[in-house]
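Numbering follows my numbering, with no gaps: position 366 of the sequence shown is 840. Working notes for the structure below.
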Amino acid sequence: MSNYSVSRSVLIAERHRNRISYGGEQLFFKAVSFVIFASLIISTASFLGEFLTFLLLDILLSVYLISLFRGRLRFLFMIHPVFVFLSSFGFQIPFTEIGVGYTYLNTYKQFVDPTSLSWDIENLFDQIFRQDEGYFGFSKVYVGTLPILWFPKFLFRAPADITVYFSLSIFTLFCTAIAVNVSLFHRVIRKDVLLVIALYLTVSPTFFDINSTLHRYTLLCLGLFLFLIAYIGLTRKFARHRPISLILTLSFAIILIGISKPPIFLSILLFMILDGWVRDKLPILSSFLLKLGSTRFVMYPIIFLLGSAFFSAVAPEEYTLGFSQRGGQYTAMANVPGLGLVVRVVYAMLSPFPWTNFRQMQLYGFNSIFLFVHMLSSFLASWMVITLVLRGNLILRGRDDIRTSAIFGVAVISSLAFSAIGFHVYLAPALPFLAPLLLDKVNRISVIYPIGFLIFFEVIARAAQIL
475 MSNYSVSRSV
485 LIAERHRNRI
495 SYGGEQLFFK
505 AVSFVIFASL
515 IISTASFLGE
525 FLTFLLLDIL
535 LSVYLISLFR
545 GRLRFLFMIH
555 PVFVFLSSFG
565 FQIPFTEIGV
575 GYTYLNTYKQ
585 FVDPTSLSWD
595 IENLFDQIFR
605 QDEGYFGFSK
615 VYVGTLPILW
625 FPKFLFRAPA
635 DITVYFSLSI
645 FTLFCTAIAV
655 NVSLFHRVIR
665 KDVLLVIALY
675 LTVSPTFFDI
685 NSTLHRYTLL
695 CLGLFLFLIA
705 YIGLTRKFAR
715 HRPISLILTL
725 SFAIILIGIS
735 KPPIFLSILL
745 FMILDGWVRD
755 KLPILSSFLL
765 KLGSTRFVMY
775 PIIFLLGSAF
785 FSAVAPEEYT
795 LGFSQRGGQY
805 TAMANVPGLG
815 LVVRVVYAML
825 SPFPWTNFRQ
835 MQLYGFNSIF
845 LFVHMLSSFL
855 ASWMVITLVL
865 RGNLILRGRD
875 DIRTSAIFGV
885 AVISSLAFSA
895 IGFHVYLAPA
905 LPFLAPLLLD
915 KVNRISVIYP
925 IGFLIFFEVI
935 ARAAQIL
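See below:
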């Protein structure tokens, strides 16, 4: 047997070993066990009290996620309950009054009866799917915050405001657990890649950072995660043994994305185009790129910037002429096709910024721990984005799951072209899918690069303030 055949056999065996998941019976047993323990905690909530109830639910979800993986990294999930409950003591104003919490509270009152806690499903359905001003068949309703605000009131008659923070935090864990189970059931994504994505969604500085204020992006991240799982499953031959459930997963993902942020469908379309080109699945365009030889990889950044500029131009007017104009001092530069997206990405990586003599603590409810967490998040975001720039060709030639996940993350970044300028939360949904880049040492760049990047912009920002 040739060396090539041996190497290929080893690679196939490695991929198969990484994709082996628990059988359906094991997944079902673990899920049922989780439901039983969660039901026990919820049924005794009035006796346990608010703090202990949410702490136990957080620990239970963290342990459940640990049980779905192997290896030492899985125990990082236990950081979640520790951080959430220690950080909860630092808020100096009510959690729901931070940022635009009032907007989500008003939405909640519109669709949930405060006395019976029953949902006005018919009205909710009308608002989402039957409004003339909707985008791609969906209207903006902020559905992602409804279960977060509803759950504490379901458990307790008059819960403290901080329980919304606890509810948001465990909702993040819950949605991640759903996506992980779906992936393991279909045996789609390599388990080491899946673990990194799940960890980033739950215990990364980025998601601790954005959870410092009430937001609606948890459902969007779940939708994106499920879409990636279904897409890989439906476009790779090894995963076609359960096509019906994959199609149902894809449909559910589209609904979640639609009710969260419908213009991001444009980014998903860009992902499908880029992935098709990279895998040589688009006959005419792929043959053209193949003729370019090794220089073909130079084309992908150009394709990405052109695609982002085009989709920005065809995005709903409220985004291109409304949201995309907000939040930045250099709006004109940020709306230049191509260059503007680069400016927006840098803004989103750093903001709020600069950090010396920081004067925007109200963004975090004057909870100082979140400024430190945000700085760590910016470091990770910078590390991954700079890795894309410096190792792009190597990534496109690399292992399939990491490459596909990275292309998906890059495509999601393109949604910044029609988002408000300078908000870290808008970059957050892309970062879990870029995180697997750090798995391979060949992809990883030195930490000197992101550190130098942050110091450079800190100096520039401070100098601009002084001048």
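Every residue gets a Cβ at the ideal spot worked out from N, C-alpha and C, and that includes glycine.
Here F612 carries a strand assignment [DSSP, helix/strand/coil]. Within the stretch 507 to 548, the complete alpha helix (DSSP H) segments at least 4 residues long are 519 to 522 and 524 to 541, listed from N- to C-terminus. In this structure, D635 sits near P568, with a CB-CB distance shorter than 8 angstroms. Comparing alpha-carbon positions, the option among P626, V586 and V638 lying closest to E571 turns out to be V638.
By the Cβ test, the stretch 885 to 897 is in contact with the stretch 738 to 757, since at least three Cβ pairs between them sit closer than 8 angstroms. A704 is positioned such that its CB atom lies closer than 8 angstroms to that of L724. Rounded to the nearest whole angstrom, the CA to CA distance from F628 to L591 is 7 angstroms. Separation of the CB atoms of I602 and F612 is rounded to 6 angstroms, and the pair is thereby assigned contact status at 8 angstroms.
Separation of D875 and V509 (C-alpha to C-alpha, rounded to the nearest whole angstrom) is 31 angstroms. Sorting L501, F503 and L560 by C-alpha distance to the C-alpha of F528 places L560 at the top. Less than 8 angstroms separates the beta-carbon of L850 from that of P679. T878 is the residue among S920, I533 and T878 whose C-alpha sits nearest the C-alpha of T709. For V586, the three-state secondary structure derived from DSSP is strand.
Per the coordinates, the alpha-carbon of S520 lies some 50 angstroms from the alpha-carbon of R873.
Inter-residue distance for R918 and N831 is about 32 angstroms (C-alpha atoms, whole angstroms). Nearest Cα to L673 within the set V816, L694, L647 and K614: L647. S842 is not a Cβ neighbour of L928, given a cutoff of 8 angstroms.
Looking at P588, S641 and D600, the one whose alpha-carbon comes closest to that of R631 is P588.
The C-alpha of L901 is placed about 20 angstroms away from the C-alpha of L913. Put simply, the stretch 657 to 666 touches the stretch 694 to 704. At least three CB pairs are less than 8 angstroms apart. For W624, the uninterrupted alpha helix (DSSP H) segment begins and ends at L620 to L629. W829 carries a coil assignment under DSSP once its states are collapsed to helix, strand and coil. Rounded to the nearest whole angstrom, the C-alpha separation of A935 and H848 is 17 angstroms. Within a 10 Å sphere around the beta-carbon of S517 sit fewer than 16 other beta-carbons, which makes this residue exposed. Under the criterion of beta carbons closer than 8 angstroms, V615 and I733 qualify as touching, at roughly 7 angstroms.
For W593, DSSP records a beta bridge to V586.
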